[in-house]
Amino acid sequence: MQLTGIHHLTAVTANVRENYRFYTQVLGMRLVKRTVNQDDVSAYHLFYADGAGTPGSDITFFDWPTPPEKRGTHSICNTALRVTGKASLEWWAEHLSQQAVKHSGLIERDGRLTIDFADNEGQRLSLIDDAGTGDANTPWDASPVPAEHQIRGLGPIRLSIPQLEYTDIVLTKALNMRQVRQYSLNEGNEYPVYVYEMGAGGAAAELHVVVQPDLAPAQPGAGGVHHVAFRTPNEAEYHGWTQRLRELSIRTSGEIDRYYFRSLYFREPNGILFEIATDGPGFAVDEDPATLGESVVLPPFLEPRRAAIVANLKPLV
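The UniProt record's numbering applies: residue 1 is where the sequence shown begins, and numbers increase by one.
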């Protein structure tokens with residue numbers, strides 16, 4: 001069995017209106033699902049993606065009234081968003097400047113052109129040139145970003161941990177990832193970064209692990225990341241992963257039907273939350289693809305509580 005790439009990443013916002021503005025109007029992503037956290041229905045769960053909600057293209061947010069994240073290790077510390085070509089990155093550098101978003105300008109990291117920046121709450125993001133690898137995206141016709149420059153998807157995702165050995169065992173022996181190269185991350189110290197590939201590899205299927213033993217553990221909060229999910233193509237392999245982790249005595253959540261995909265959660269040895277998620281059935285299972293994200297939708301088991309749930313949600317605009 002092989003995981004095929006990054007499925008989604010879920011982060012935390014304490015300012016849902018500004019979050020909605022930033023990801024749709026500054027980054028030009030489409031809100032493809034406007035729903036609630038199935039484990040805490042007081043909170044929105046917003047999914048931003050390409051025009052069709054293609055698996056691997058969505059960054060999602062829980063809306064929680066929480067203080068800002070205290071940065072440190074034992075955390076997911078950077079989310080890359082893929083575009084193709086130097087011309088697109090040059091367009092983005094100008095666009096971010098026009099939107100008053102501070103950024104690094106074009107830099108090279110791990111052999112790829114990159115722009116580092118953050119959202120309004122300090123969520124650490126990068127735009128990278130993916131050289132056209134990974135699944136094709138579906139542009140969003142209503143995006144303020146021209147189709148040729150729109151974000152194609154997620155990846156790589158960077159983790160910070162204090163010690164590599166046991167995380168490496170889980171990534172390579174349990175999840176069948178491959179450690180393929182190393183580079184240095186210069187953040188005051190020269191930290192080693194280890195690159196792990198899934199499936200066919202490429203930017204959409206990489207996990208970058210930076211070892212930072214001198215940092216204190218991060219404290220979760222707004223502007224931080226809750227978990228990262230990896231793609232599995234179908235339910236047969238999803239059930240196979242459940243069995244594999246059980247046989248390896250890795251404690252999991254058990255299989256959970258999230259309606260739009262099937263999920264399996266577990267923590268790697270440094271405490272970071274991982275998820276394995278199926279590609280389907282997808283976001284159009286309960287909405288017309290033409291109107292994705294335009295109204296609050298709930299999975300069937302929450303529909304009887306719709307009035308109370310919706311009454312508690314803030315307007316996005």
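Don't be surprised by glycine CBs; every beta carbon is placed ideally from N, CA and C. Bear in mind that the values here come from a model prediction, so they are computed numbers and not experimental data.
Check whether G132 and T84 have beta carbons under 8 Å apart: yes
As an exercise, report each continuous beta strand (DSSP E) stretch of at least 3 residues that is fully enclosed by the UniProt domain "VOC" (153-279), in chain order. 153-161, 178-186, 190-197, 206-211, 225-232 and 261-267
For I309, the first and last residue of its enclosing alpha helix (DSSP H): I309 -> alpha helix (DSSP H) spans R306 to A311.
Option nearest P146 by Cα separation, candidates D58, L27 and D288: L27
Which residues bound the beta strand (DSSP E) around V145? First-last for V145: undefined, no H or E at that position.
In chain order, what residues of the same chain have a beta carbon less than 6 Å from the beta carbon of W64, not counting five sequence neighbours either side? V12 and A43
To which residues of the same chain is V180 closer than 6 Å at the C-beta, ignoring the five residues directly before and after it? Result list for V180: V195 and E197, in chain order.
DSSP beta-bridge partners for L9? Bridge partners of L9: I59 and V228.
Are R152 and N137 closer than 8 Å when you measure CB to CB? yes
With distances taken from CA atoms, which of F117, L273 and Y238 is nearest H95? F117
Expected contact under 8 Å - CB spacing of F47 and V32 to nearest Å: 5 Å
For Q212, count neighbouring C-beta atoms within 10 Å of its own C-beta (all shown protein chains included) and say buried if the count is 16 or more, exposed if not. buried
Got a sec, what are the start and stop residues for the beta strand (DSSP E) K314 sits in? Run containing K314: none; DSSP gives neither H nor E here.
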